[in-house]
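Residues in the sequence shown are numbered from 1 upward in steps of one, following my numbering. In what follows, a single structure is set out as structure tokens and then discussed.
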Amino acid sequence: MNVVEVCNLGKRYGKHWAIKECSLSIPSGHVVALVGPNGAGKTTLLHCAVGLVEPSTGYTEVFGGLEAGSPEALARIAFVAQDAPLYKYLTVDQIIELTRNLNRGFDTNLALHRLDDLGIDPHQKVGRLSGGQQSQLALALAIARHPDLLVLDEPLARLDPLARNEFMGVVMAAVAEDGLSVVLSSHVVSELERVANYLIVLNVGRLQIASEIDELLENHLLLTGPVDEIAHVANSFDVVQTFRGDRQARLLVRSPEITDVGPNWEASQVSLEELILAYLRDPHSSALSPPVAHGTPSVHGVRS
């Protein structure tokens, strides 16, 4: 089952398209890294997936056929926004009680246990917590709902390295314990490389990459060799990005295996960060796997 399916999605604000002609499928059970520069459409895509934004074109479905934003879908999704909006004048235990009253099946003991592990005082006012502690509180409230899909929009932006590590530790513990799917938008590629197994890259409102990370890394190579032989080598490969020095050049290419590129060239594996940066530098490049569909949508978005 696909936890999220997007078909020809577009969202326009006035004359500006925040995202356009986006189609992708995210299989369940994955930790998905959503990457792109500021203004690429990441938050718009996430808002469409959780039903906060109505698309201008196309549709979004979740859990194999539920309409995004429907009561059935919302009951199975937890969303943590970048600024972790919380009632700052309430204490931690008060906001836990409020969340329990608003969400059927909310696990109060789980929320308190996670916060206790992090040393967060339940009697402290939320407004007096650090930015990292507020992010951890928002995450604990989300996970205590036992969602099938956890959506995180730039949750690491305000956190220092130690707080980022602790935050992602809680996320991965929930993945291991509950088997939930996660979609995580972030600029911190080092953290994404450590935890994610699926990558989505958006650039200037369009989809560039949607694929398993292992598959992406296996199908890209870095070729290093003399500048004056670039044209000859480029004729044999699908080149994503070329880095030119005075004498040496590095080419990121799509290739399923290391092949003989001549005595003056060396082939090596590419890192996830190198791959992401190369695609972001060229918005016209793409490495898209075909969307995996389940059934055919009707005009109302209901699958047959």
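Even glycine gets a Cβ: it sits at the ideal position worked out from N, Cα and C. These numbers come from a predicted model, not from an experiment.
Remark: C-beta atoms of isoleucine 200 and valine 3 do not approach each other more closely than 9 Å. For glutamate 61, same chain residues with a beta-carbon under 7 Å away, outside a window of 5 residues either side, are Glu5, Glu67, Ala68, Gly301 in chain order. In the structure shown, arginine 158 falls within a coil segment according to DSSP collapsed to helix, strand and coil. Boundaries of the alpha helix (DSSP H) around lysine 42: 42–49.
Comparing alpha carbon positions, the residue from Val183, Ser285, Val80 closest to glutamine 134 is Val80.
In the structure shown, the three-state DSSP call for alanine 267 is strand.
Three or more pairs of CB atoms, one per stretch, sit closer than 8 Å, so the stretch 109–125 contacts the stretch 138–147. Straight-line measurement puts the Cα of arginine 244 at about 57 Å from the Cα of aspartate 93.
By the neighbour-count criterion, in which 16 or more other beta carbons inside 10 Å mark a residue as buried, asparagine 101 falls on the exposed side.
Per DSSP, the beta-bridge partners of lysine 11 are Ile19.
Cβ neighbours of lysine 125 within its own chain (closer than 6 Å, five residues either side excluded): Thr91. Here proline 85 is exposed, its C-beta having fewer than 16 other C-beta atoms within 10 Å. In chain order, Val253, Arg254, Ser255 place their CB closer than 8 Å to the CB of aspartate 238, counting only its own chain and leaving out the 5 sequence neighbours on each side. Counting only residues of its own chain and dropping the five nearest sequence neighbours on each side, leucine 24 has a CB closer than 7 Å to the CB of Val6, Ile200, Leu207, Ala210, Pro291. Going by C-alpha positions, proline 37 is about 16 Å away from leucine 272. Phenylalanine 63 is positioned such that its CB atom lies no closer than 9 Å to that of leucine 9. Under the DSSP assignment, isoleucine 230 falls in the alpha helix (DSSP H) whose first and last residues are 230–234.
Under the 10 Å beta carbon count, glycine 262 is surrounded by fewer than 16 other beta carbons and is classified as exposed.
Here valine 188 is actually not in contact with arginine 158; their C-beta atoms are around 11 Å apart, not less than 8 Å. Your pair leucine 217 and arginine 250 does not check out as a contact, with CB atoms roughly 16 Å apart and the cut at 8 Å. The beta carbons of alanine 140 and valine 183 sit no closer together than 9 Å. Arginine 281 counts as exposed, since fewer than 16 other C-beta atoms from the protein chains shown sit within 10 angstroms of its C-beta.
Between leucine 202 and isoleucine 19, the C-beta gap is smaller than 9 Å, which places the two residues in contact.
According to the DSSP secondary-structure assignment, histidine 220 is paired through a beta bridge with Arg254. Excluding residues up to 5 positions away in sequence, Leu66 lie with their Cβ nearer than 7 Å to the Cβ of glutamate 72 in the same chain. Between the alpha carbons of alanine 49 and tyrosine 59 lies a distance of about 9 Å.
Annotation for aspartate 116: the continuous alpha helix (DSSP H) segment containing it runs 108–117.
Exclusion of the five residues before and after cysteine 22 leaves Val6, Leu9, Leu207 as the residues of its chain whose Cβ lies within less than 6 Å of its Cβ. Taking a C-beta distance under 9 Å as the contact criterion, methionine 168 and glutamate 191 qualify as a contact pair.
DSSP places glycine 29 outside any beta strand (DSSP E), giving it a letter other than H or E. Judged by beta-carbon spacing, histidine 220 lies within the 9 Å limit of leucine 275, meaning their Cβ atoms are closer than that value. Going by DSSP, asparagine 203 is part of the beta strand (DSSP E) stretching over 198–203. Contact annotation, alanine 174 with leucine 180: C-beta distance approximately 6 Å; criterion of less than 8 Å satisfied.
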